[in-house]
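Taking mature numbering (1 follows the signal peptide of the UniProt record, and there is no 0), I'd label the letters of the sequence shown as residues -22 to -1, 1 to 1072.
Note that CB positions come from ideal geometry on N, CA and C, so glycine has one too.
Shown next, in structure tokens, is the structure this report addresses.
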Amino acid sequence: MWRTFTVSLIWFISGLSFTVSAGSPGGVDVPGNAVRFVQNKGQWASEVLFRAELPGGFLFLKKQSLHYVFYDAEALDRIHSGTGNPTSAVSRMASPSSQTEPMVRAHGVDVQLQNSLSTAQIESKNLVSEHLNYFLGNDPNHWASAVPAFGEVIYHEIYPGIDLRLFAYYQTLKYEFLVKPGADPSVIRLNYDGATAVRSENGQLIVETSLLPFREEKPYSFTEKNNKTTEVLAEWVLDGKTASFRFPARYDTQQPLTIDPTLIFSSYSGSVSDNWGHTATYDNEGNLYTAGTVYGNNFTPATGSFQTSYGAEMDVAILKFSPDGKRVLYAAYLGGSTGETPHSLIVNSKNELLIYGVTSSVNFPTTSAAFSRKFAGGKPFIPLGNSPPEQGSIYGTIYFRNGTDLFIATIAPDGKALKSSTYVGGSDNDGLNDVVQFLKIYNYGDDLRGEIMVDKNDNVYVATLSFSADFPVTANAPQPKLNGPADAVFLQLNPELSQLRWSTFFGGSGYDVAYALRIGASGSMYAVGTTQSANLPGTAGAYKPQIGGVEDGFLVKFTNNQLERSTYLGTTAEDAAYLIDLDPQENPHVFGLSRGPYPVSDGIYQNAKSGQFIHALDPALSKTIFSTVIGSGRTGPDISPTAFLVNECGNIYLSGWGGTVNVRHGNGNSSTQGLPVTTDAFRRTTDGSNFWIGLLEQGAKSLLYATFFGSDNAVGRGDHVDGGTSRFDKSGVIYHAACACGGTHFPTTAQAWSQTNKSPNCNNAAFKFDIDRLKAAFDSYQGTQKDVVQGCTPLTLNFINTSEGGVTYAWDFGGTGTSTTPGSVNHTFDKPGEYTVTLTAYNKLTCKRVDVAQKVIKVFPSDFRISKDTTICAGQPVQLLAGGGKTYEWTPVQGLSSATINNPVVNPTKTTTYSVKITNENGCSTTKNVTITTDDSFKPVAEVRLSTACGQPMKVELVNKTAGATGFQWAMGNGDTLKTNAPGTYQYAQSGQYQITVISSKNGCNLALNLPVTIENMSEVPNVVTANNDGKNDVFNVGFTGATLEIFNRWGKQVYRSESYNNSWGRDAPNGLYYYLLTTQGGTKCKGWVEVLE
């Protein structure tokens, strides 16, 4: 029996979370939002044993304390949502000293286990089916791979006879003290070091901090014995900031006691620290990779009130999800001591993930053979949302206090190794797009764009920009010098990231930035971006050789590392080219934004006066193939482009997001309201702040599909991406990162790894959406047996449609019938032959449009036979006969001469049905039955009636009640046989046990009935006893023993009784006349008189 003492702890601090998991053998699967205790393998301070993420903070498990650190989650909310203090866009880089670094208030409370034992043995239990990987800082000795997480940690003997157990309970943290018999729970003392104050109120402890208070609820304790719980009254005892427990009522200290506090926290990666979504990609197995920034990896267990740099606490967090989203295959943290953000992901042919982003950390993790291990620096910069004062400027989020360099890193397929990592940069900022100061068209997150790609040999390409005049370029660079305040830069590294094979600036005298690139089958590189330069190089002979206004998009092509041609894309207003893809003929297609009347080709789909354009050009960039605009028709950009694809059929896929966050951060007209959707859309309505996904027919001939996707929470900030790229694969599946904020409104699928956002701020959500999947498939069943493709006539099969992406279907059963039923269809093949069953799936939205699945069904002739049912005498042998097969399996096997031949012999004693599975040489089988009936209609029915008289033989009356028989025999058991239907009365000469057998006959069959009888023939009983010892009539001899004898005198009084008489009475009886009653063992009674004489 245990006595249990419970304390509830409720936090009033809202918070965020980022708990990540990865599959590993031997662990326990738990939901993505459950509390985990992550072991310290060198990634944190040495005094930390385990760390758990909590809403709005962290719990550090130390040797003799539980150290809570909480941060101002509302401040994070304000920072991200853009409701803080204004800053001047111009001052951000020109006057670094004027920058105000975003700071976040935090508070630590170290719950010290006063007077506890330093010798406590700490045990971790319930290994979780996940591992984490930490690549933090530039010292590989502090990198930690395959870090385990546990569901439970136990401090054994933390006090004498007392254990401390911490464990996950649903989505919360619980701890309990286990007090052994005889141990003293009063020694447990909890000192709240770092708390502003601790006070008692209504039986609760109120713990004050510089943020918000939390409380320890009134203690609850109980004992448990024989499955019965008995409450024991408990109270807090407070001495300054130290709390202990008191039990006013006496209790049995010889029983084990559990002190069981309950922690309740108020506050999709499933995180309990701030986590934003930036970028996503895929591999050939359909796994989804997403990367974002996570807050709090560098938190230390400080006490009291303190401030920490928001940017310094931001690292890159990477998750690899299984194709169905139910498991995280690995998770990794990547970063240094300051801030970094991921901009783009790609997977190479080795299934290694490559990440491109920017870092402000002088100790970002790099590998020994890296192209550059030295941070070159730059100017302080605050990205994401710094807008001019006249637009209602807002406070930035991530603070790059040291400026930025590019980072490129490669992670092993299982996430356990940082294969390669390098800086690339000059002495000014690299990879950061200063949208507010320079650009006219921009969206929230455009600060953090750029793209990474690989070619067929896994060489690595990056498109971005640089402010650094000394950005590293190669000797063969087409443009070795910076021409404007910032130029686009393009670079190529070898797969190991150890050699910069090619690097060049691209730009004119104005501001230029590259957003995206593609590598053609010919090896040429195509890239797009935005330019304010009227003198871009390479425009001679181009489709549009001159800039149209102050800001245009551009498209550039490099062949053999040399500039082949570039062209402007735009109108007389502002324009920007964001994304690019190539069709099978290597015609570049560009997805961009415009505030002007972008040209629209004749005879194609368009939404007039819209601000998103699609433009396809020839590979020489000299002429238009087509161009069009799509959107709401509000004469300006609606969305921020996020992913773009042209598949092998020329169909065009595009996605983006718009809404509240974008309105606050530079695109004042951004909304998904009014964007076109199709009738079959996944979601046809929007709150204005969602994702939009569209599919255009090849050549933009028509809108094949369009839908909204995301949360439905008009009062929140809405769905968005914090910069970066997402991707479609060539089959039309989109792999997308998202920043889901303000609760659990973002849609998730059943059994998704995490279905909740435990934060009032943001989690990195990820989604995978397939709008081009068309795969015809079906299964064939015979009963419950799957994959049946052959059988014998008549063969009936159930065909079940398992296709994906089809809209309409057509069945053809090899010339024996058709159907357009979309689900399952039953069909019978009556004749032998081979039949090709074809299922055709149709969907005009897909690249294939039509897909076909076929199965060949072989139907064999059948000549299966079995003998007819028959009637026999019981026990009579009969031969069964089956035919048409190669093998035979008879059941039941009892009584069969053989169960595996076609003609076994049986002799059933009762009616039996025999089944035989017949299989022919084609493997075709059937089961047939034959019933052998045994005729028992003439079964003998007879009765024996016995009658007796004193001194006479017993009479046996034989009564025949049999019906249907034609002959009878009565074997009397003594050698006599009576052959008659009604034998009447029979007498046995001798007493004894006999068995009468009645045999009835019909049609040569005999049935028998046994009737046992007991015969007790009485001889003449003497009526005189002369007890003179002459050996004659000395006793009353009745002729047999074992009967019951009762003797009465002349007045009827019983003078003798024996229940097993042995012929002994009379020798000592007085002379006189007596009466007797004799009852035999068979129940026959006989009475009379006897006289005793001397």
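Exercise. Between the Cα of I140 and the Cα atoms of N119, P575, L91, V176, which residue gives the shortest distance?
Worked result: L91
For this session: Determine the direct distance from the alpha carbon of C902 to that of L874, and round the result to whole angstroms.
Result: Looking at the backbone, the Cα of L874 and that of C902 are separated by about 24 Å.
For this session: Enumerate, from N- to C-terminal direction, the unbroken beta strand (DSSP E) stretches of 3 or more residues contained entirely within the stretch 780 to 831.
Result: 786 to 791, 802 to 807, 811 to 820
Exercise. Does the stretch 636 to 646 touch the stretch 596 to 605, meaning 3 or more C-beta pairs lie closer than 8 Å?
Worked result: no
Exercise. Can we say the stretch 1007 to 1014 touches the stretch 933 to 950, given the rule of at least three CB pairs closer than 8 Å?
Worked result: no
Exercise. Of the residues E186, A269, A877, which one's Cα is nearest the Cα of Y866?
Worked result: A877
Exercise. When we look at the beta-carbon of residue 1089 and count the other beta-carbons within 10 Å, is it buried (16 or more) or exposed?
Worked result: In this structure the chain extends from -22 to 1072, so residue 1089 is not present and cannot be described.
For this session: Could you please give me the residues that DSSP links to P619 through a beta bridge?
Result: G634
For this session: Starting from the C-beta of A173, find all residues in its chain whose C-beta is less than 7 Å away, skip the five residues before and the five after it, and write them out in chain order.
Result: V87, V185, E186, T187, K219
For this session: Could you tell me how far apart the beta carbons of L682 and K822 are, in whole angstroms, since I believe they sit closer than 8 Å?
Result: That pair is a contact at about 7 Å.
For this session: Give the straight-line distance between the Cα atoms of L396 and N18, rounded to the nearest whole angstrom.
Result: Roughly 19 Å separates the two Cα atoms.
For this session: For my contact list, A520 and S544 are in at a C-beta cut-off of 8 Å; report their separation, rounded to the angstrom.
Result: 6 Å
Exercise. Touching or not, the stretch 574 to 589 and the stretch 607 to 626, by the rule of three or more beta carbon pairs under 8 Å?
Worked result: yes
For this session: Consult DSSP for G35 and reduce its assignment to one of helix, strand or coil.
Result: strand
Problem set entry | Contact with chain C by T657, beta-carbon distance below 8 Å | Chain labels in this structure do not include chain C; a single protein chain is all it has.
Problem set entry | Environment of Q510 [buried if 16+ CB atoms lie within 10 Å] | buried
Problem set entry | Segment contact flag, the stretch 793 to 811 with the stretch 852 to 862, C-beta cutoff 8 Å, min 3 pairs | no
Exercise. Taking the C-alpha atoms as reference points, what is the distance between A453 and L541?
Worked result: 14 Å
Exercise. Would you call the stretch 421 to 434 and the stretch 444 to 460 in contact, with 3 or more CB pairs under 8 Å?
Worked result: no
For this session: Tell me whether R29 sits in a helix, a strand or coil according to DSSP, three-state version.
Result: Here R29 sits in strand by DSSP.
Exercise. Once you ignore the five residues that flank T207 on each side, which residues in its own chain have a CB closer than 6 Å to its CB?
Worked result: F200
Exercise. Is it right to say G783 is buried, meaning 16 or more other beta carbons lie within 10 angstroms of its own, or is it exposed?
Worked result: buried
Exercise. By Cβ distance, which residues of its chain are closer than 6 Å to T926, with the 5 residues on each side in sequence left out?
Worked result: M932, T1062
Exercise. Going straight from the alpha carbon of Q854 to that of G982, what length do you get?
Worked result: 11 Å
Problem set entry | Extent of the continuous alpha helix (DSSP H) to which V440 belongs | Taken as a continuous stretch (DSSP letters only), V440 belongs to no alpha helix (DSSP H), being part of the beta strand (DSSP E) at 438 to 444.
For this session: Give me the Cβ distance between T388 and L332, rounded to the nearest whole Å; I'm assuming they're in contact under 8 Å.
Result: 5 Å
Problem set entry | Exposed unless 16 or more other CB atoms sit within 10 angstroms - verdict on A258 | Per the 10 Å Cβ criterion, buried.
Problem set entry | Pairwise C-alpha distance: V325 and A310 | About 15 Å.
Problem set entry | Residues near P577 by beta carbon distance below 7 Å, same chain, minus five either side | Scanning its chain for C-beta atoms nearer than 7 Å, with the 5 sequence neighbours on each side dropped, one finds around P577 the residues S605, in chain order.
Exercise. Based on the DSSP output, what are the partners of Q768 in its beta bridges?
Worked result: Residue pairing by DSSP places Q768 opposite K836 in a beta bridge.
For this session: Decide if W1067 is buried, meaning its Cβ has at least 16 other Cβ atoms within 10 Å, or exposed.
Result: exposed
Exercise. Quick one: what does DSSP say V414 is sitting in, helix, strand or coil?
Worked result: helix
For this session: Would you mind working out which of E626, E209, F591 sits nearest G611, comparing C-alpha positions?
Result: F591
For this session: Evaluate the contact criterion for the stretch 550 to 560 versus the stretch 613 to 625: three or more CB pairs, one atom per stretch, below 8 Å.
Result: yes
Exercise. So G485 packs on S405, CB below 8 Å; how close in whole Å?
Worked result: The Cβ separation is near 18 Å, so there is no contact.
Problem set entry | Sheet register partners of N776 (DSSP bridge) | Y759, N804
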